[in-house]
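Chemist: I am attaching a structure below and will ask some questions about it afterwards.
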Amino acid sequence: MVSLDRFDIFRAVVEAGSLTAAADRLGLSRAVVSFNLKRLEQELGVTLLLRSTRHLALTEAGEQFLQHCVQALDAAQAAIDAARRDQHQLQGVLRLTTTPEYAQLRLIPVLEAFRARHPALQLHLSTSPAPADLIPERFDLAIRLGRLPDSGLHASELERHPLCAVAAPSLLERLPSADAADDPVQLGSLPRLGYPRLADVPVVAPDGSDALFATNPGNAVVRVDGASSLRTFAVAGAGVTVLPRWLIEDDLALGRLRPVLRQHRFPQQSVYAVYPHSTQPSPKVRQLIDFLRGWFDSARV
5 MVSLDRFDIF RAVVEAGSLT AAADRLGLSR AVVSFNLKRL EQELGVTLLL RSTRHLALTE
65 AGEQFLQHCV QALDAAQAAI DAARRDQHQL QGVLRLTTTP EYAQLRLIPV LEAFRARHPA
125 LQLHLSTSPA PADLIPERFD LAIRLGRLPD SGLHASELER HPLCAVAAPS LLERLPSADA
185 ADDPVQLGSL PRLGYPRLAD VPVVAPDGSD ALFATNPGNA VVRVDGASSL RTFAVAGAGV
245 TVLPRWLIED DLALGRLRPV LRQHRFPQQS VYAVYPHSTQ PSPKVRQLID FLRGWFDSAR
305 V
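Under this note's numbering, read the sequence shown as residues 5 to 305, first letter to last.
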């Protein structure tokens, strides 16, 4: 059987244009390249290259063989890559944590696609409104939203979503006009909801000045510790609040909530993959982060 190594040498000679250049490229001596080229021609029973002191030229048989040679080498490399991927399939347990709302609406569909690629991998997902302590609770990875406190954690941004100030139509009917919903003073006459887990939101007013939207005002009629409860109270007309757009897309589309302060520019909320700085991320963690980022990037296109 003809050796694939000789296929590779033949292709290198054609691409490099000389035996010497091909030898340098392959890390072989010129004599070894010349020997293998001659043996290949002997094994095939055809002349592949016409040689002179200065030039190499493919024969007709050489041109045809080159096409098949390239295809064979590419197919062999693909088979090797596939075998290595199979050998390094992820396995074991990957423990991660995030908020219930983000898990339900954003994360679980991606995790299922990732798990389908790695059937030997077990995913353990824990959800809680409060951030978990990764090291004592033995989590490999956390998905966290918004500004991160200074800590001994490495953070890798996965995606961003706009924040949106909203209220239910039934609540906005208390205002004297539809335009009043975009006036901070008139909007201030409506009750507010409190969400202590979200820091006050910096916004840019229509005149370009900076302002803050208080997420936990002192006069809040209701305070909650979870975004899902906050959304439910908002839909029920209990008060004005700020929510990430990914959580309320359907509410906005169906008219259950309406945006307010529409001339104000609200920031985007970042979503991060977080793991301890003190440890090197495992292949499971690295591959999941890459998969999440790729999934969200493709969804934006």
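Glycine included, every Cβ here is placed at the ideal spot set by N, Cα and C.
Quick one: Cα of Glu64 to Cα of Phe39, how far?
Modeler: 21 Å
Chemist: Here's a check: name, in chain order, each residue in its chain whose Cβ is nearer than 8 Å to the Cβ of Ala299, leaving out the five neighbours to either side.
Modeler: Note that residue 299 is Trp in the sequence shown here, rather than Ala. The answer, listed in chain order, is Val114, Ala117.
Chemist: I need the boundaries of the alpha helix (DSSP H) containing Thr101, first residue and last residue.
Modeler: Unbroken run through Thr101 is the beta strand (DSSP E), 96 to 102; no alpha helix (DSSP H).
Chemist: Kindly list the residues whose CB is nearer than 6 Å to the CB of Gly198, restricted to its own chain and excluding five residues on each side of it in sequence; keep chain order.
Modeler: Asn220, Ala224, Arg227
Chemist: Val306 lies in the alpha helix (DSSP H); which residues open and close that run?
Modeler: Nothing can be reported for residue 306, as the shown portion of the chain is limited to 5 through 305.
Chemist: Rounded to whole angstroms, how far is the Cβ of Arg119 from the Cβ of Leu127, which I believe are closer than 8 Å?
Modeler: 6 Å
Chemist: Based on Cα-Cα distance, which residue from Leu296, Glu177, Val170, Ser193 lies nearest to Arg249?
Modeler: Checking every option, the nearest Cα to that of Arg249 belongs to Val170.
Chemist: Take Gly212 as the anchor and find which of Ala25, Leu48, Ala159, Phe270 has the nearest alpha-carbon.
Modeler: Phe270
Chemist: Can you find the residues in the same chain that come closer than 7 Å, C-beta to C-beta, to Val305, ignoring five residues on each side of it along the sequence?
Modeler: In this prediction, Val305 scores a pLDDT of 47, lower than 50, which makes its location untrustworthy; the coordinate-derived value is nonetheless stated afterwards. Taken in chain order, the list of residues that qualify is empty.
Chemist: Can you give me the start and stop residues for the alpha helix (DSSP H) that Ser38 sits inside?
Modeler: 34 to 48
Chemist: When you compare only the Cα positions, how much space is there between Thr236 and Leu261?
Modeler: 10 Å
Chemist: Confirm, please, whether the CB-CB distance from Phe143 to Leu100 is below 9 Å.
Modeler: yes
Chemist: Can you give me the C-alpha to C-alpha distance between Ala182 and Ser193, rounded to a whole angstrom?
Modeler: 14 Å
Chemist: Quick one: measure Cβ to Cβ for Arg151 and Ala203, integer angstroms, because I've assumed they're closer than 8 Å.
Modeler: About 6 Å separates the beta carbon of Arg151 from that of Ala203, a gap short enough to meet the 8 Å contact definition.
Chemist: Around the Cβ of Arg196, are there at least 16 other Cβ atoms within 10 angstroms (buried) or fewer (exposed)?
Modeler: Classification of Arg196: buried, given that the 10 Å Cβ count is 16 or more.
Chemist: When you compare each of Gly156, Asp255, Phe11 to Gln341 by their alpha carbons, which one comes out closest?
Modeler: Missing from the structure shown is residue 341; the chain here goes from 5 to 305 and no further.
Chemist: Could you tell me which uninterrupted alpha helix (DSSP H) segments, each at least 4 residues in length, are contained entirely in the segment 179 to 221, listed from first to last along the chain?
Modeler: Within the segment 179 to 221, the complete alpha helix (DSSP H) runs of at least 4 residues are 188 to 191.
Chemist: I need the straight-line Cα distance from Gln291 to Gln272, nearest angstrom please.
Modeler: 26 Å
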